[in-house]
Every structure is written in structure tokens, then in C-alpha cells.
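Participant: Sending over a structure as C-alpha cells; questions will come in a sec.
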Amino acid sequence: MNGLVIEKPLPTADGDSQAFWEGLRSGRLLLQHCADCGHVQYYQQRICRQCQSDNLQLKPASGKGTIHSYSVVYRAPGPAFKDDVPYAVLLVDLEEGPRMVSSLVGKDFDALDFDAPLTLKIIQINDEVSLPCFELAINELHSS
Amino acid sequence: MRNSRSLRGQVAIVGVGQSPSGRVPGRSPLDLTADATLKALADANMNKSAIDGVLTGNAFASSFHRFSIALSEYLNIQPSYSNTLQVSGATAGAAVNTAAAAIHAGLAETVLLACGDSLLTGMTPDMAIRAMTESRDQQYEMPFGIPVANTFAMTAHRHMKEYGTTAEQFAQVAVTFREHARRTPGAQKTEPISIEDVLHSKMVTTPYHKLDCSLISDGAVALILTSAEKAKEYTQHPVYILGGGEYYSHEHIFLMPTLTQTGAVESSKKAYQMAGITANDIDVAGIYDCFTGTVIMMLEDLGFCKKGEGGAFVESGEITYGGKIPTNTHGGMLSYAHPGIPAAWFHFAEVVRQLRGACGERQVAGAELGLVHTLGAGFSTQASTVLGTENTL
Ligand SMILES: [Zn+2]
């Protein structure tokens, strides 16, 4: 890749998602709550995916979730991720209901398990972008 | 009944052609696809002037946005029906279903379906990165480093958790298809492998090792479809389209309704209903095998075994000769070739040859009914097609 600068794909907000990425910059993972049918959704769009109402309210997530599935990535998906491997990608079930893709903070892969509790940790990538990542809620696991 | 319309027996595949595949340096995707087309025309004893429809998928190693139009120009064909379809790995099945519908509806009489790419030797670094990352959402998936392989890995991992499916059972799929590839001229990988070899190959993304993952290849396939009335003008062994079904359940992996059950349930149900058959009637199958676990999940969803029993089904030899449903007798994407979107076109080529009785030492004896199931994008896209010989009409 001689001299080619490989940058990670970073999100570009659009009309649907501007509030979401702004929320992360100010430390909140915002979910859309439908005022008409009660559906809670991730990711952001103008209408409710369950009832198509546009009466949606943004509320910050508690930051608690569990692992629905995961995979530890050893072969990087392109040169931009080469320095990161191995890393774990997660399917997280949020306490409020929605499921999302995220990645694990740290490399404690042995502690990963289905249904293991997680805590949101927002990682600032640059001035524009902060990503909603998760870490294992080890203490909670031991105390509960 | 939701829809009484049917294309059962209305359209047949009359020509099949393939370019060289595997490592084929120095040949562009258009060149490879044209090569496959000329071979399919020769196979059908057909002049290209008979082609009035062209459907393709796109090629990563080609800069053309309208591959079907570029291919037509390359071959000097001016079709009156054309499109470049994009439903990822399911494009092959969707193209066959769509072409059959177009012919049945009178939009075209004879349709060329062709797809080629050079993923192995024809990609610039830019193209490779694009191919790797652009297929997932740039906002809610890709920033976390989750290309399409990881979406399949997480479904397989959950399948292990829910049903006790094992890494050894995944590995058995790779071992079986490698055995099949050893009988197939032109297969990219033919050295025998064992379950141990699979388990000891490098970890790519848990639970998948290198040998659980499909190959990267160059290559192209072409199929020619025409109306049942015209089919006998070209071949003594038309292979008829008996049923088609598709299903598109989600875009983002986190909105997949259930990680361990896919839209293949719905797509195959529709195809079987149209064909008037059940999974038990099928003699030979081509099943999209991007990863070993994908095949295990599909065997369940396509109705060849019960949910959760796919691993044991594979382990007991049911997907090879003498088993319940010999699958990917050419070796599949795990061992024959995987040039990207064209990969599943090879499954069609193989099942057509099986139904013609033309597979030589890898022939499934007495094969009359075949299923090809193609899928893509983390199980987002699903297309099933039931094919049959004249006896099945
Ligand atoms: Zn609603």
C-alpha cells in the first residue's frame, strides 16, 4: 500500500442521524422512543419502524446491555484495522430493547460470553466523531 | 393462497458456460464474462443474435456502473431488456428468478445471465478496500470494524450457543466440499484436508478459521434462459425452472429478526410451493457456502433437517454422495471458486449439469430435481430456485 493513507471508515451524519452523532459528542447514546406506539429504536430515522409515526422522542440510553453474540476478529478487514487486531465485535442487546453493533473496549476476550453484562463507554475518535463502545461490567457480574 | 400466478415449467436453462476460474491473471471482468458467454452460446448451439435480454451482477474489479450494458457492448449485443442486479450473494438466484419472470411475461424471449469478476488478481488496493468495507453501513456497522464476514461469524457463534453446534461440525462442511472439488476439473483447491487441518488453520474471526472461509478467485459464469416452447430448438436436455422465491428480511445485522433462523425459510417455502414439491423431493443442491456454518444453517432453513440439527446432519454424511442431499458437488465457494458475486452462478452451472446427467464421476445418480439457494449480506438477501428435468414437468 506504498504511501497510500488508509483511514478507517468513519460515519458521516445525514439528516436522519445528525442528533445521534451530536448526542455521542456530548456523552449520550440517544435512542428514539415512539410517543404513539412505545417502540424504542436504534438506529435513527425520521419515522418509527413499527408504526411509521414521526412522533419520536430522543432519550439517552442507560448504557446497560448484554452480549447477544460476538466475534473476535484476527484478520483485519483492510489495512485501516491492521493495528487493532485482535479486537472483538459485539451484538449488544440494550436494556431498553434495541440491539446494536459495537466493539469491545480492551482485549479481555476470555471474559466474553453470551449474555454477559456490558457498560457503555463512549470513545472519542476525533472532534467530530465519538463511537458508542462497550466494556464488560465485571464488577456487576461478580456482585449479582 | 396469496398468489396463484406461477412460472413453473415456463422457462428453461439451455446454455451454460464458464471462463477459466481460480487464479486467472491478466483478464478483465468483462473479458472473463464474455468468455463465459461465448461458451454458453456454444453449449446452446445458439447465435448471439437470439439474445434479447441481458442480466448481470456488478464486478468489484471493474469500473463500470452498468455492467450489463458494458457487457452487451463488449459482445456487440443490443438487448431490449437489461439490468445489473445488486442483492449481494443472492444476485444469482434473483437473476434467474427475474429472468424467468421476464421471459414468462414477454419482456424478453432469450436472456443471457452472466457474471464475472477478478477478485484475486484484478483488484487495485483501493478496489480491495472498497469491496471489503463498503458492503456494510458506514454509520452503524463499519466504524466498529465489522465487515460482512463478521456478521456471518456472529450468526454462527450464536448457533453454537443455542444448538450446541461444534467447530468440528463446521469443519466437516469444508472437508466434504474439498472432497467434491477433487473430482471437479478446474477446481481451485484440490489437496485433501482433514477436520484437524481446518481447526488448525489460522483464526480469521471466531468461530471461523481460514478453512471455514470461502476462497478468493477470478472467474465468470454465463447461463442462457429461454421459453419452454423455444428450449428444444437449442438442447435435448433443457433444465426447467419450476419455482422461485426470495426474501429480504433486514439490512443491518442488528435488525435480523433471529440470528439463527433466516429468510431462507420463507424464500424456499415459496419456491417449493410454486414447484409443487417439498425439500424431501430434491435430489441435488447448490447452497451458498461463503462460510461453513452458513451451510449448516441453510440445511435447516431449507427444510433438509430440523432446526438445530444441521451440524449432526453434516457429520453423518448427508450432504455428500449416498446422503440425503448431495450438496455443492463441484466443491462450492469453499473449494471450487469464489470470485465474489459470480460465485453462486457456479452453483447454478453445477446443478444444471447434474440435471443433464453430464457430471461424469461426480454425477448424482438419477438426479431429476435440484435446488439452488443463494444468499448474501449477512443473511439479508435470500433467493431459492427449484430446477427440474423434463420428467418433472
Ligand atoms: Zn411507533
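Going line by line, the protein sequences match chains A and B.
Position one of the first sequence corresponds to residue 1 (my numbering), numbered consecutively onward.
Position one of the second sequence corresponds to residue 1001 (my numbering), numbered consecutively onward.
All C-beta atoms, glycine included, are put in the ideal place defined by N, C-alpha and C.
Are the stretch 1241-1249 of chain B and the stretch 1259-1279 of chain B touching by the rule of at least three beta carbon pairs closer than 8 Å?
Facilitator: Yes, since at least three Cβ pairs between the stretch 1241-1249 of chain B and the stretch 1259-1279 of chain B fall closer than 8 Å, the two stretches touch.
Participant: Would you report the Cα separation of residue 1067 of chain B and residue 1093 of chain B, rounded to the nearest angstrom?
Facilitator: Each residue's alpha carbon lies about 18 Å from the other.
Participant: How long is the line joining the alpha carbons of residue 1292 of chain B and residue 1176 of chain B, rounded to whole angstroms?
Facilitator: Straight-line Cα distance between these residues: approximately 10 Å.
Participant: How many whole angstroms separate the CB atoms of residue 1096 of chain B and residue 1392 of chain B, which I take to be in contact at a CB cut-off of 8 Å?
Facilitator: Not a contact, Cβ separation roughly 17 Å.
Participant: Looking at ligand 1, does it come within less than 7 Å of residue 84 of chain A, judged from the CB to the closest heavy atom?
Facilitator: Residue 84 of chain A Cβ: outside cutoff for every heavy atom of ligand 1.
Participant: I'd like to know whether the C-beta of residue 78 of chain A is nearer than 8 Å to at least one C-beta of chain B.
Facilitator: Taking Cβ atoms only, chain B reaches closer than 8 Å to residue 78 of chain A, which makes this a yes.
Participant: Closest to residue 1026 of chain B by C-alpha separation, out of B:1061, B:1008, B:1045, B:1011, would be which residue?
Facilitator: Nearest C-alpha to residue 1026 of chain B: B:1061.
Participant: Below 7 Å, is the gap between the Cβ of residue 36 of chain A and the nearest heavy atom of ligand 1?
Facilitator: True, at least one ligand heavy atom lies under 7 Å from that Cβ.
Participant: Helix, strand or coil for residue 68 of chain A per DSSP?
Facilitator: Residue state, collapsed to three classes: strand.
Participant: According to a CB-to-CB cut-off of less than 8 Å, which residues of the stretch 1152-1169 of chain B neighbour chain A?
Facilitator: Those would be 1153, 1154, 1155, 1157, 1158, 1161, in chain order.
Participant: Contact check, residue 1154 of chain B vs residue 69 of chain A under 8 Å by CB: the rounded distance?
Facilitator: The Cβ separation is near 4 Å, so the contact holds.
Participant: Span of the beta strand (DSSP E) holding residue 1246 of chain B?
Facilitator: First-last of the beta strand (DSSP E) with residue 1246 of chain B: 1239-1248.
Participant: Work out the CA separation of residue 1342 of chain B and residue 1133 of chain B for me, nearest whole Å.
Facilitator: C-alpha separation (whole angstroms): 19 Å.
Participant: Is the closest heavy atom of ligand 1 to the C-beta of residue 50 of chain A under 7 Å?
Facilitator: Checking every heavy atom of ligand 1 against the Cβ of residue 50 of chain A, one is found closer than 7 Å.
Participant: Look at the alpha carbon of residue 1390 of chain B and the alpha carbon of residue 1260 of chain B, and state the distance between them as a whole number of angstroms.
Facilitator: Computed Cα separation, rounded: 36 Å.
Participant: What are the residues of the stretch 1253-1269 of chain B that lie near chain A, defined by any Cβ-Cβ distance shorter than 7 Å?
Facilitator: The residues in question are 1253, 1254, 1259.
Participant: Assign residue 977 of chain B to one of three DSSP states: helix, strand, or coil.
Facilitator: For chain B, the structure presents residues 1001 to 1393; residue 977 of chain B sits outside this window and is missing.
Participant: Taking C-beta pairs closer than 7 Å, name the residues in chain A that residue 1146 of chain B reaches, listed in chain order.
Facilitator: Under the 7 Å cutoff, chain A gives 89, 101.
Participant: What are the boundary residues of the beta strand (DSSP E) that residue 117 of chain A is part of?
Facilitator: Residue 117 of chain A -> beta strand (DSSP E) spans 117-124.
Participant: Starting from the Cα of residue 1083 of chain B, find the closest Cα among B:1288, B:1069, B:1381 and give me that residue.
Facilitator: The option with the nearest alpha carbon to residue 1083 of chain B is B:1069.
Participant: State the DSSP-derived secondary structure class of residue 1224 of chain B, mapped to helix, strand or coil.
Facilitator: DSSP places residue 1224 of chain B in strand when its eight states are reduced to three.
Participant: By how many angstroms is the C-alpha of residue 1215 of chain B removed from the C-alpha of residue 1022 of chain B?
Facilitator: Taking the straight line from one Cα to the other gives about 9 Å.
Participant: Please confirm if the stretch 1322-1329 of chain B is in contact with the stretch 1275-1289 of chain B, defined as three or more CB-CB distances below 8 Å between the two stretches.
Facilitator: Flag = yes, the stretch 1322-1329 of chain B and the stretch 1275-1289 of chain B touch.
Participant: For chain B, check one thing: does any of its Cβ atoms lie closer than 8 Å to the Cβ of residue 134 of chain A?
Facilitator: For residue 134 of chain A, the answer is no, since every Cβ of chain B falls outside 8 Å of its Cβ.
Participant: Comparing alpha-carbon positions, which option in B:1087, B:1178, B:1112 lies nearest residue 1043 of chain B?
Facilitator: Closest option to residue 1043 of chain B, Cα to Cα, is B:1112.
Participant: Could you check whether the stretch 1250-1259 of chain B touches the stretch 1138-1158 of chain B, counting it as contact only if at least three pairs of C-beta atoms, one from each stretch, sit closer than 8 Å?
Facilitator: A contact exists between the stretch 1250-1259 of chain B and the stretch 1138-1158 of chain B.
Participant: Helix, strand or coil: how does DSSP classify residue 1314 of chain B here?
Facilitator: DSSP places residue 1314 of chain B in helix when its eight states are reduced to three.
Participant: Which residues in chain B have a C-beta closer than 8 Å to the C-beta of residue 66 of chain A? List them in chain order.
Facilitator: Residues of chain B passing the Cβ test: none, with the nearest at roughly 13 Å.
Participant: Can we count residue 53 of chain A as close to ligand 1, meaning its CB is less than 7 Å from some heavy atom?
Facilitator: For ligand 1, at least one heavy atom lies less than 7 Å from the Cβ of residue 53 of chain A.
Participant: Just to confirm my understanding: we take residue 1178 of chain B, look at its own chain, exclude 5 residues before and 5 after, and list those with CB closer than 6 Å. What are they?
Facilitator: Excluding residues within five positions, the ones whose Cβ falls inside 6 Å are 1193, 1335.
Participant: Among all the DSSP beta bridges, which residues are the ones paired with residue 1332 of chain B?
Facilitator: Residue 1332 of chain B is not bridged to any residue.
Participant: Flag residue 1330 of chain B as yes when its Cβ comes closer than 7 Å to any non-hydrogen atom of ligand 1, and as no otherwise.
Facilitator: Not under cutoff, so the answer is no.
Participant: Whole angstroms is fine: what's the gap from residue 1036 of chain B's alpha carbon to residue 8 of chain A's?
Facilitator: Taking the straight line joining both Cα atoms gives about 37 Å.
Participant: Please report the distance separating the alpha-carbon of residue 1320 of chain B from that of residue 31 of chain A.
Facilitator: Approximately 48 Å, taken between the alpha carbons.
Participant: Ignore the nearest five residues each way along the sequence and tell me which others in residue 1338 of chain B's own chain have a CB closer than 7 Å to its CB.
Facilitator: Within the same chain, residue 1338 of chain B has close Cβ partners 1214, 1215, 1216, 1217.
Participant: Whose C-beta lies closer than 6 Å to the C-beta of residue 1295 of chain B among residues of the same chain, with five residues either side of it excluded?
Facilitator: Excluding residues within five positions, the ones whose Cβ falls inside 6 Å are 1173, 1287, 1289.
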